[in-house]
Every structure is written in C-alpha cells, then in structure tokens.
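So the mapping is simple: our numbering equals the position in the sequence shown, first residue as 1, plus 167.
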Amino acid sequence: MVKPLILLPPVLFAGLAALFLLGMNRDDPDALPSSIEGQAAPTLTVTPLEPLPGFDADTLAMPGVKLVNYWASWCAPCRVEHPNLEALAAEGVPIYGINYKDDPAKALGFLEELGNPYAGVMADGGRTALDWGVYGVPETFVLDGDGNVVLRFAGPVTQRVIEERIRPAMERAAE
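Written as structure tokens, this is what we have:
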C-alpha cells in the first residue's frame, strides 16, 4: 500500500510546474497588471513644485488625451526616457509630471538640465503613487478626455514603447 505522504512531493512538483508553465505562456509576461485601468484617475494628494505650473484633478478630467508621468531626479531610467517625453510634448501631447519622493531643488535642477516636457508638475511624497498603484519610477499613464486611465506603463518610455503601447492607447483614449 502506498502511503499518502509519499505522493505529496510529486503532486506538489507537478502543480508548481503547471503554474510556471501557465505564467510563461501569458500574452505579455512582462506586463504588470493595473487595477485602475478603465477607471477614473485616482485622487491627487500632491503639492506644488514651485515655481512651476501645477495641475489638479479637474485638469486631468478636461477633454483630450493626456499623459501622467511619475519621475524623479534620482531615477536613471527617467533620464533615459526624458528625450522621448520631450518629443511627445513637442508634438502637442499634454504631459503632466508627478515628481516622486524627491528633493525639490534636485527635481528642478533635473528639469533645468534636461528640459521640461510637462504642462504641469506636482510633487508626491508617496500617497498619490500608492493610490495610482505605482510600483516605482518611471511610470506613465494614458488618460482619456474624461480622466479615465486607459493604460498604465511601468518602465521608461522608449521609442518602441511609444509606437507599440503609448500611441495605440492614445488612439483608444481619443475614441
């Protein structure tokens, strides 16, 4: 007679192998799910990054497609994505920046050095990032004309990301 405990290791191994196999065969194994996609943008608990113009929840609910970008001066990938954000802003895409857990002087220095692609900038000590489900910076959100989140993209916005993820989401948001 086979004891039930002898069967436990192979059954656990088979279950774990099945879980790994399912995980590896997802549509996009690199995607981080977002619980706010399809919903109104969460509340903003932010402060102005003086002397730059700011924005509020009403701004994010105004007509037209817009981006919200979480960034920080201490974030190396934020430096990498910055020229791409500037190019989008030059095309007329309104981008609202939320500076994440940063020293205001360093944040202003970052924008002075690299340029300011943001239509408005606010500073977040971390509360708003939690509400938005931010894992880390940089993260970019595409919002529609009603202020609903259409896409959350975690990571630096590269040319490839713009063409494969951001622009298609902007098109959906414009519908």
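Every residue gets a Cβ at the ideal spot worked out from N, C-alpha and C, and that includes glycine.
Query	Result
Residue nearest to glycine 303 in terms of C-alpha spacing, selected from Val328, Gly314, Pro323 and Asp311	Pro323
Runs of alpha helix (DSSP H) lying entirely within the segment 289-322, each at least 4 residues, in chain order	294-299
Cβ neighbours of alanine 207 in the same chain (closer than 7 Å, five flanking residues each side left out)	Gly314 and Asn315
Supposed contact pair valine 288 and glycine 264 - C-beta distance, whole angstroms, cut 8 Å	4 Å
C-alpha gap between proline 215 and phenylalanine 180, whole angstroms	53 Å
Where the alpha helix (DSSP H) containing glycine 276 begins and where it ends	271-281
According to DSSP, residues forming a beta bridge with proline 215	Met289
For glycine 182, the three-state DSSP class (helix, strand or coil)	helix
Element boundaries [alpha helix (DSSP H), containing asparagine 192]	That residue, asparagine 192, is in no alpha helix (DSSP H); it is neither H nor E in DSSP.
With 16 other Cβ atoms within 10 Å as the buried cut-off, status of proline 171	exposed
Inter-stretch contact at 8 Å, needing at least 3 Cβ pairs: the segment 234-253 / the segment 271-288	yes
Spatial neighbours of alanine 256 in its chain, beta-carbon cut-off 7 Å, leaving aside the 5 residues before and after	Ile262 and Pro284
Sufficient close CB pairs (3 or more, under 8 Å) joining the segment 231-247 to the segment 322-340	yes
Spatial distance of alanine 290 from leucine 310 (CA atoms)	19 Å
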